[in-house]
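Numbering (the working numbering), first residue to last: 57 to 234.
Ideal Cβ positions, reconstructed from N, Cα and C, are used throughout, including at glycine.
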């Protein structure tokens with residue numbers, strides 16, 4: 057196995073091709089791909105989405121003041137996963153919780169409104185003919201593939217997708233509309 061121009065060649069490449077041909081691969085697509093595909097929209101990344109959420113929360117709930125935004129942004133900027141989860145919880149709460157109208161509106165206005173301005177990588181991934189999963193809440197893969205979303209909350213459908221019995225995009229962390 058050797059690298060040529062940043063690409064892996066040799067036994068590993070052949071093994072990967074064989075596994076793809078057998079349908080024994082799950083491609084998990086993360087924020088980096090969606091950042092590039094969306095024209096570097098900040099909301100395609102978790103930190104960008106949370107920063108937007110802290111600003112939105114202070115806009116719709118003036119009682120929070122800028123102290124809230126500064127606190128949440130400070131948590132986000134640490135880069136620590138526990139602090140990011142805390143920031144996400146604070147943003148969610150400040151926007152009325154998961155069932156709140158403002159929270160859902162915020163998700164729709166951000167990740168729900170992302171569009172694929174560069175479809176090339178997403179089309180290449182879809183062309184592999186294997187199940188696709190994402191850690192993002194957006195619908196860019198659905199936009200390119202015309203496949204429906206399935207979230208981690210529906211275990212039976214997840215299993216069907218993984219067994220090749222259902223064509224859908226798996227959302228491992230959630231989906232903006234669910």
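Assigned secondary structure, residue i (DSSP; H/G/I helix, E/B strand, else coil)
| i | result |
| --- | --- |
| residue 189 | strand |
| residue 84 | strand |
| residue 166 | coil |
| residue 106 | helix |
| residue 124 | helix |
| residue 101 | coil |
| residue 173 | coil |
| residue 214 | helix |
| residue 117 | coil |
| residue 184 | coil |
| residue 90 | helix |
| residue 78 | coil |
| residue 131 | helix |
| residue 155 | coil |
| residue 222 | coil |
| residue 202 | coil |
Inter-residue CB distance, residue i and residue j (contact presumed, cutoff 8 Å)
| i | j | result |
| --- | --- | --- |
| residue 172 | residue 199 | 5 Å |
| residue 178 | residue 196 | 6 Å |
| residue 167 | residue 232 | 5 Å |
Per DSSP, cross-strand counterpart(s) of residue i
| i | result |
| --- | --- |
| residue 227 | 190, 207 |
Beta-carbon proximity list for residue i, same chain, < 6 Å, skipping 5 on both sides
| i | result |
| --- | --- |
| residue 161 | none |
| residue 131 | 139, 142, 143 |
| residue 95 | 173 |
| residue 204 | 224 |
| residue 81 | 75, 186 |
Proximity below 8 Å, CB of residue i to CB of residue j
| i | j | result |
| --- | --- | --- |
| residue 102 | residue 113 | no |
| residue 217 | residue 228 | no |
| residue 188 | residue 83 | yes |
| residue 209 | residue 222 | no |
| residue 85 | residue 207 | no |
Contact set for residue i: own chain, Cβ-Cβ below 7 Å, skip 5 residues either direction
| i | result |
| --- | --- |
| residue 111 | 125 |
| residue 117 | 150 |
| residue 104 | 98 |
| residue 148 | 154, 159 |
CB contact check: residue i to chain D, cutoff 8 Å
| i | result |
| --- | --- |
| residue 230 | Going by chain labels, chain D is absent from the structure shown, which holds only one protein chain. |
Cutoff 8 Å; reference residue i; Cβ partners in own chain excluding five residues on either side
| i | result |
| --- | --- |
| residue 237 | Residue coverage of the chain in this structure runs from 57 to 234, which leaves residue 237 outside it and unanswerable. |
| residue 91 | 97, 100, 101 |
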